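These notes concern the structure reproduced below.
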Amino acid sequence: MSKGQLERNIGFLEAMTLGGGTMIGAGIFILPGIAAEGAGPASSVSFLIAGFVALLAALSLSELATGMPIAGGSYHYVNRALGGFFGSIVGWGMWTGLMFASAFYMIGFGQYLVEPIPFLDGRALVVLLGLIGLSLIVGVNYYGTEESSQLQNVMIGAETVVVLAYVVLGLFFIDPNNLEPFAPTGPSGIIATTGVVFVSFLGFEIIATVAGEVKDPSRNIPLTMILSVVLVTILYALVMIVTTGVLPYQAIGDSLVPVSDVAVVFAGAVGVVAIVAAAAIAAISSSNSSVLAAARVNFAMGRDDLMSEWLNVTHDRFGTPHRAIIATGAVTALLIAAGLQVETIVALLAEVASFSFLVSYSLVHVALVVFRRADPEDYDPSFKIPDVLYPAVPVLGVVLTIVVISQMAPIIILLGLGIVGLGVGWYFVYVRDHAIDRGLIDEVITSTTDAYRVLVPVANPDTQQNLIRLAAATAHAHTDEGTPELVAVNVLQVADPDPQQNVAAERLDHQRDLLDGAHDIAAEMDVQLRTVAMTGERVDETILEAIVDEEPDQVLLGWGGTLTRQGHVFGPNLDAVVEDAPCEVTLVMLYNDTIGNPVALAGPGPHSPAAARRAAEFASVDGAVPTLLNVQQPMGDDDTTASERGNAVIDDVVERAGLNPEDYERAVVVDDDIEAAILATADQFDTICVGLSERSAASRVMFGTIAERISQEATSNVGIVRGWNES
Amino acid sequence: MSSGHEQSSRFAENVTDKMPLTGDSTILVPVDVSITEPPDQVILDLLKPVNLVVLGYYPVPKQTAPAHLKEEHEAEAAERLESIVSRFVRGDHEVEDVLVFTKDRQDTIDRIAEQHDCDAVFVPGETDAIDRILVPLRGDVNLERIVSLVGELVRASDATVTLFHSVPEGADPSQGEFILRGAADRLTEEGVDRDQVDWQLSEGGSPKRKIIDLVADYDFVVLGEAEPSLRDRILGTVLTPILEEIEKPAIIVRDIE
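Top line first, the protein sequences correspond to chains A and B. Oh and the first sequence: position 176 is 176 in our numbering, straight run, nothing missing. Oh and the second sequence: position 99 is 99 in our numbering, straight run, nothing missing.
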């Protein structure tokens, strides 16, 4: 069966219109009124501060998004770094934040349509228009109408032109008197206003939520996120200066359609029509991107088992996540309808959305630090925050977030904390029983330096269960050195990683499969398990890379048991590992589910002691005692000398393996046909451990004849062991 | 006649330079695997002589994350693709399959065609039989690849091929005749019976319009891809309007050089 690939279809321009377009969008037409009321002409400073906070978040998000370019945005990074608890706070925070923002845009949409027409008035009509606009958006999303991206580009382009014309023309009409006093509400007013206007900067987050679909993500994601934040900040600051410069800020503060009121001063009726048209387009497109991003967040939560699959089913015919879209639309509609009762609903919606995103971003900064500390194998961001800025960006980001939140109105903080509480409640009610991820934070906190570490490459879900169980047993025998650790590695073979194609999502699927199977066993055996997903063109080289990075004490590999003669011994994926791994290597063929009583062949070979140790470790699975077996040919007529010789060999192996006398039983068999005797005796045990024979001069793995016959003929489990001398 | 000979010997040189000894072309056949749509028997027969890459694409609406759709529909899509591929499989030629979840079909076709080194892309359309094939030639562009592909497809069948070329108003028509005659010779060399091949030269007028009008009398079209000009990039390529209007199945020969 062919395996589906995912195409990355969002290019630079589309990412810019998605991110920048959303930001230029609705906020610029509605917020100036609220901002002017809160901070006067200094509200442009509020926008600059908000832009700076957003830029810090964009930097951290860019690094995380290029390290894991898959759907979900902030939610996904926080969930991976900090686990399900914070994951569900951010997931719910983002979802509700997007809904609040959407409602905010749609009410603004209604206001702009209603205000210029004298005989239309009243909140009911504003709310009604908002609801109509919303149902349009929900409909489009439900039916999955593929809106032409060209049309979208044209609309966003037109809207940007209108805003630029507004700024350029307006500059000539600024009355310096209006800019006095510049900051009537002082610094705290400016900061408080920052909290309100921050909602306009959530567009760059939308780029991160669709990260899985962005072409050439390592270039386009950071470029579009940072560029859109910087450009939009400058634009917003200019719009504020023009707006508060042309009309006194008190007049603007009272207006529901501030930009249009200002435009009428210098551009007359034409200006008003242009602004109303642009505002309507902007509200629709911003709201649409929010619903789109909300569905992505829902999907990502469902993927990580943080959200019910029921909500995440896609429609049979339209292929859209219709339930998630309807749920998002329904809550947004309620929020818009609340506008009938709550007079100050617009500012309130904007501020709650800002709160949610500020909380998310501060956790994103923490997530970045955790990722840098834990440095997981599959995290290899192509965009890194420069070293000079590294601890500064996340630290400053968190501090500024707290400053901004602290200046918010008590009612907002209360509502915001309510949403956080929703996430916390959801975690305890739902997530704890469903999700298995624990987050990287555990790793950062618990140090795992000296403990025994076993690396297990897993590929086949059918056999990985037993493989991990065995590896856990082996590791468990080393608890005296600290809590042992298993590292399950999966290598996704990619012929030629194409920037157009989404490999990250596949990596994640694999890793989740592994986690699912491995987690229970690891818990049961009291071992720590970590999974590492890697991609590479060659499996053997990638596994060796993992071995070099992880520095395990042992590699445990599953093996089908077939020997090939064409250039390989164990197979193309195994040979190089068996030859070159700088640690002990065990190849296991598992025929039975039980490990039972193990036997080790104690011979003169260099790897016999390792085989004996492995047998002892395997024995601990079922609480058995390993047997060390040696077979000797009779010497002339005296069996006793033969068995003495056998015992001497076993003694030697025991000494080199460092086993205690009570740890094993011994069996010495005297027989003419050594191989037949070994096979006959070994078959009485459930598991056989054999050492590899010596390396030849050509550094090829030479497979001893006994080991070979056992691997081919035995019906028990077989472990082939290659030891390692650190000297 | 001597000019025709020169032409064909030039072709012969190029061919030995660039084509593998088997002379087998690879055609990309895109199939929408979100719906059940068994391939036409006529098309199965036509594509018999070439290697195929069957691209099963699952269109993803803008509102959906591709990974989301993949998660839910991968098995079903793979099954459909498999059943389609099984109908294409024959002993002597390779049939590869690829499954992609994409928001942009064309993007995916381009990438897969590139990755699998396909010579041409198949465009589905409606037809009952393939007896008459129209091959518009634009000039030297991509000529050799088009002709050898047509040769491979037609060699084993009874279909007739009409080569078509349009020269601009006032230009010397002999230049066009030269191209057509050379291409016809070359097809004969490829093993196509001379009786199966004829040509048509048109002077002046819009070549695009001419082709669309002509197609009505044919069952199948082989077109050469051309690098779009700046104008085409903005207004759409020449091919797009042709393909939209003809409704007949077609093959677009890629311009790889």
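Just so you know, even glycine gets a beta-carbon here, dropped at the ideal spot from N, CA and C. None of these values were measured; they are calculated from a predicted model.
Residue nearest to residue i in terms of C-alpha spacing, selected from the options
| i | options | result |
| --- | --- | --- |
| residue 718 of chain A | A/680, A/337, A/590 | A/590 |
| residue 614 of chain A | A/722, A/97, A/343 | A/722 |
| residue 376 of chain A | A/630, A/533, A/192, A/210 | A/533 |
| residue 230 of chain A | A/78, A/52, A/317 | A/52 |
| residue 472 of chain A | A/611, A/620, A/391, A/338 | A/620 |
| residue 62 of chain B | A/3, A/145, A/78, A/106 | A/145 |
| residue 560 of chain A | A/574, A/583, A/299 | A/574 |
| residue 327 of chain A | A/411, A/543, A/307, A/243 | A/307 |
| residue 128 of chain B | B/39, B/252, B/242, B/178 | B/39 |
| residue 492 of chain A | A/397, A/470, A/460, A/469 | A/460 |
| residue 163 of chain B | B/135, B/253, B/103, B/46 | B/135 |
| residue 283 of chain A | A/105, A/329, A/393, A/175 | A/105 |
| residue 216 of chain B | B/246, B/224, B/189, B/201 | B/246 |
| residue 527 of chain A | A/479, A/506, A/686, A/188 | A/479 |
Partner residues on chain B for residue i, Cβ-Cβ distance less than 8 Å
| i | result |
| --- | --- |
| residue 144 of chain A | 61, 62, 63, 64 |
| residue 141 of chain A | 63 |
Coarse secondary structure for residue i, derived from DSSP in three states
| i | result |
| --- | --- |
| residue 478 of chain A | coil |
| residue 127 of chain B | coil |
| residue 254 of chain B | coil |
| residue 63 of chain B | coil |
| residue 93 of chain B | coil |
| residue 109 of chain A | helix |
| residue 199 of chain B | strand |
| residue 534 of chain A | strand |
| residue 68 of chain A | coil |
| residue 5 of chain A | strand |
| residue 641 of chain A | helix |
| residue 709 of chain A | helix |
| residue 225 of chain B | coil |
| residue 346 of chain A | helix |
| residue 589 of chain A | strand |
8 Å CB neighbourhood of residue i in its chain, flanking five on each side removed
| i | result |
| --- | --- |
| residue 182 of chain A | 40, 41, 42 |
| residue 265 of chain A | 173, 246, 247 |
| residue 413 of chain A | 355, 405 |
Per-residue contacts from residue i into chain A (C-beta, under 9 Å)
| i | result |
| --- | --- |
| residue 116 of chain B | Neighbours of residue 116 of chain B on chain A: none; closest Cβ ~11 Å, over 9 Å. |
Close-in-space but distant-in-sequence residues of the same chain around residue i (CB under 7 Å, 5 per side omitted)
| i | result |
| --- | --- |
| residue 15 of chain A | 207, 214, 220, 224 |
| residue 63 of chain A | 368, 381, 383, 384, 385 |
| residue 379 of chain A | 67, 68, 371 |
| residue 85 of chain B | 54, 95, 97 |
| residue 209 of chain A | 71, 72, 73, 293, 296, 297 |
| residue 697 of chain A | Confidence in residue 697 of chain A is poor, its pLDDT being 35 and thus under 50, which makes the residue's placement unreliable; the coordinate value appears in the next sentence. Taken in chain order, the list of residues that qualify is empty. |
| residue 258 of chain B | Absent from the structure is residue 258 of chain B, since the part of chain B shown begins at 1 and ends at 257. |
Chain A residues whose Cβ lies nearer than 7 Å to that of residue i
| i | result |
| --- | --- |
| residue 107 of chain B | 7, 9 |
| residue 161 of chain B | What residue 161 of chain B touches in chain A: nothing, since even the nearest Cβ is about 34 Å away. |
| residue 102 of chain B | 7, 9 |
Neighbourhood of residue i by C-beta distance below 6 Å, restricted to the same chain and skipping five residues each side
| i | result |
| --- | --- |
| residue 237 of chain A | 44, 47, 48 |
| residue 550 of chain A | 455, 487 |
| residue 357 of chain A | 97, 202 |
| residue 477 of chain A | 617, 620 |
| residue 85 of chain A | 427 |
Proximal chain B residues relative to residue i, where beta-carbon distance stays under 7 Å
| i | result |
| --- | --- |
| residue 505 of chain A | 67 |
| residue 500 of chain A | 111 |
Contacts that residue i makes with chain A (C-beta to C-beta distance below 8 Å)
| i | result |
| --- | --- |
| residue 99 of chain B | 2, 3, 4, 5 |
Given a limit of 9 Å on CB to CB distance, which residues of the stretch 60-86 of chain A reach chain B? Going along the stretch 60-86 of chain A in chain order, one finds 70, 71, 72 with a Cβ nearer than 9 Å to chain B.
Compile a chain-ordered list of the residues in the stretch 314-329 of chain A whose CB is closer than 8 Å to at least one CB of chain B. So the list reads 314, 318, 319, 320, 321, 325, given in the order they occur along the chain.
Taking any Cβ of chain A, which residues in the stretch 26-39 of chain B have a Cβ under 8 Å from it, in chain order? Listed in sequence order: 34.
Below 7 Å between beta carbons is the criterion; list the residues of the stretch 287-302 of chain A that meet it against any residue of chain B, in chain order. In summary, the residues of the stretch 287-302 of chain A whose CB is separated from some CB of chain B by less than 7 Å are 292, 295, 296, 299, in the order they occur in the chain.
Residues in the stretch 210-228 of chain A with C-beta within 8 Å of chain B's C-beta atoms, listed in sequence order? Under the 8 Å Cβ criterion, the stretch 210-228 of chain A contributes 210, 212, 213.
Residues of the stretch 71-91 of chain B with Cβ closer than 9 Å to any Cβ of chain A, in chain order: Those would be 71, 72, 73, 74, 75, 77, 78, 79, 81, 82, 85, in chain order.
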